[in-house]
Amino acid sequence: MSDENQGNNEQDDNENQEEGIKRPTIPPPKIQAPKIKPPQSAPPSKGPSSPPPAPKAPSPPSMGSTPPPQPSQPAQPTVQAPSGPSQQEYDSLQSTLQQKESKIQELQNKINELNEQNSGLNSLLLEKDQKISELNSKLKDIEGNIQNFENQINQLSNEKAQLQSQIPKIQSRVNQLEQENMSLQQEIAPLQSQLNQLQEEVAYKERRIEELKEPKAVMPSSLAGSNKSQSSSFGSSSSMGSTSNGSSGQSMGTSISDTGRKTCPNCGATANAIKEVEDKSKIISYIPKPTYAKKNICTKCGFEF
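Below is the structure:
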């Protein structure tokens, strides 16, 4: 009987373990084993009161009046009163019950731990879901940016192809410009020499202008007399030279006398185009400093008269 109780308890334990895994988080109520007081002594067993009477052997049937046969009653077994559990069985049941309770408590603790872990995993799962949603949104943004970049790359590739197609034309134009530059460089040298010559002429004329702007010196009487004698001595030579320069002198005289202003006999320029400068080849006086004669220069054609 103790083996049957132990087997039943193990079956209940297995069922409780299976139920404990599938139970909700509410802990089951603690079941306390009923406290059974062991009997002081085993109750006396009641023996059979009296043995049943032995069945009588049937008498042989008589030829005369025979009574009907009566059925024989079977012997009834003796019924014994159930005896209570022994102290050893009670102690074993108590120990198994305590073991089951301790196992139930352990399983309940494990269930609580698993519930806590489950709640923690659920919170982590929610966080991961939020991160996944954020990463998905970022991924969509990145995909959009990638598409924009690809469009820009295609546009730049097209522009690059167009520019590369224009490179030969630009290169030919550069070569043409280089040739023109070389030809212009070759033309610069004579022009530069002409410019230098003109600058020298301008500087010379400016110096002459400054010299002509200086005041004329008054010649003394002695020098004036000598100049008169020199002029009389050179009268014959001047008369001879007048034949050669007559045409030019007449043109000059007419240009000045008729219009009342100086006119260039070469180009016909008048007014500000005619400048009066000193003639360094003709000295009028040496006192107090050299005084030169005057001559006219046309600034347009450079003719001197």
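Each residue of the sequence shown is one higher than the last, beginning at 314 in the numbering used here. We treat Cβ as the ideally placed atom computed from N, Cα and C, and that holds for glycine.
From Leu511 to Gly615, what distance separates their C-alpha atoms? Locating residue 511 in the sequence shown gives position 198, counting from the first residue. Locating residue 615 in the sequence shown gives position 302, counting from the first residue. Going from the Cα of Leu511 to the Cα of Gly615 covers about 12 Å.
Under three-state DSSP, which class holds Lys423? Here residue 423 refers to the residue found at position 110 when the sequence shown is read from its first residue. Three-state DSSP puts Lys423 in a helix.
Counting C-beta neighbours from all protein chains within 10 Å, is the total for Pro645 16 or more, i.e. buried, or is it exposed? No answer is possible for residue 645: it lies beyond the span of the chain, which begins at 314 and ends at 618.
For Tyr605, which of helix, strand or coil comes out of DSSP? For the purposes of this step, residue 605 is taken as residue 292 along the sequence shown, with counting starting at 1. If DSSP states are grouped into helix, strand and coil, Tyr605 belongs with the strands.
Limits of the unbroken beta strand (DSSP E) element including Ser399: Position 86 of the sequence shown holds residue 399. Element bounds for Ser399: n/a, residue is neither H nor E.
Quick check: the Cα distance between Lys482 and Gln475, rounded to an integer number of angstroms? For this step, residue 482 is matched to residue 169 along the sequence shown. For this step, residue 475 is matched to residue 162 along the sequence shown. Answer to the nearest angstrom: the Cα atoms are 12 Å apart.
Could you work out which residue in Glu440, Ala606 and Cys580 is closest to Thr612 when comparing CA atoms only? If you number the sequence shown from 1, residue 612 lands on position 299. Closest by alpha carbon: Cys580.
Residues that Asp454 bridges to, as DSSP identifies them: Walking along the sequence shown from the start, residue 454 turns up at place 141. DSSP, once it has assigned bridges, lists no residue as partnering Asp454.
Simplified DSSP assignment, three categories, for Asn409: By 1-based counting over the sequence shown, the position of residue 409 is 96. Sequence inspection shows Thr at residue 409; the Asn mentioned does not correspond to that position. If DSSP states are grouped into helix, strand and coil, Thr409 belongs with the helices.
What is the DSSP secondary structure of Lys416, reduced to helix, strand or coil? As a working note, residue 416 is residue 103 in the sequence shown. Three-state DSSP puts Lys416 in a helix.
Can you give the beta carbon distance from Val590 to Lys608, rounded, assuming they're within the 8 Å contact cut? In the sequence shown, counting from the first residue as 1, residue 590 sits at position 277. In the sequence shown, counting from the first residue as 1, residue 608 sits at position 295. Contact holds; Cβ gap of about 6 Å.
Give me the Cα-Cα distance between Tyr403 and Ile417, rounded to the nearest whole angstrom. What you label residue 403 is simply residue 90 of the sequence shown in a count that begins at 1. What you label residue 417 is simply residue 104 of the sequence shown in a count that begins at 1. So the two alpha carbons sit approximately 21 Å from each other.
Which residues in the same chain as Ile522 place their Cβ atom closer than 7 Å to its Cβ, once the five residues preceding and following it in sequence are excluded? By one-based count along the sequence shown, residue 522 stands at place 209. Result list for Ile522: Lys588 and Val590, in chain order.
3 or more residues per run - each beta strand (DSSP E) lying fully within the segment 433 to 478: none
Take the Cβ of Ile424 as the centre, count every other Cβ of all protein chains shown within 10 Å, and call the residue buried at 16 or more, exposed below. The residue given as residue 424 occupies position 111 in the sequence shown. Buried, by the Cβ-count rule.
Got a sec? Which residues, its chain only, sit under 7 Å from Ala584 by beta carbon, not counting five neighbours each side? Translated into positions along the sequence shown, residue 584 becomes position 271. If we look at Ala584 and ignore the five residues flanking it on each side, its Cβ neighbours are Arg574.
By how many angstroms is the C-alpha of Thr576 removed from the C-alpha of Ala586? Against the sequence shown, residue 586 aligns to sequence position 273. Against the sequence shown, residue 576 aligns to sequence position 263. If you take the alpha carbons of Ala586 and Thr576, they lie about 9 Å apart.
What is the DSSP secondary structure of Lys482, counted as helix, strand or coil? As a first step, residue 482 is located in the sequence shown; it is residue number 169 there, counting from the start. Three-state result, Lys482: helix.
DSSP three-state assignment for Ile522, whether helix, strand or coil: Within the sequence shown, the letter at position 209 stands for residue 522. Helix at Ile522.
For Ile501, count neighbouring Cβ atoms within 10 angstroms of its own Cβ and tell me buried if that reaches 16, exposed if not. Locating residue 501 in the sequence shown gives position 188, counting from the first residue. Answer is exposed; the Cβ neighbour count stays below 16.
Tell me which same chain residues have a C-beta within less than 6 Å of the C-beta of Glu524, skipping the five on either side of it? Residue numbering aside, residue 524 sits at position 211 when the sequence shown is read from its first letter. Here the set comprises Glu591.
In the DSSP assignment, find the beta strand (DSSP E) that holds Ile587 and state where it starts and stops. By 1-based counting over the sequence shown, the position of residue 587 is 274. Ile587 to Ser598 is the extent of the beta strand (DSSP E) around Ile587.
Rounded straight-line distance, which links the Cα of Phe462 to that of Ser485: Residue mapping note: residue 485 aligns to position 172 of the sequence shown, counting from 1. Residue mapping note: residue 462 aligns to position 149 of the sequence shown, counting from 1. Using only the alpha carbons, I get a separation of about 35 Å.
Would you report the Cα separation of Gln477 and Tyr517, rounded to the nearest angstrom? For this step, residue 477 is matched to residue 164 along the sequence shown. For this step, residue 517 is matched to residue 204 along the sequence shown. Cα-Cα distance, rounded: 58 Å.
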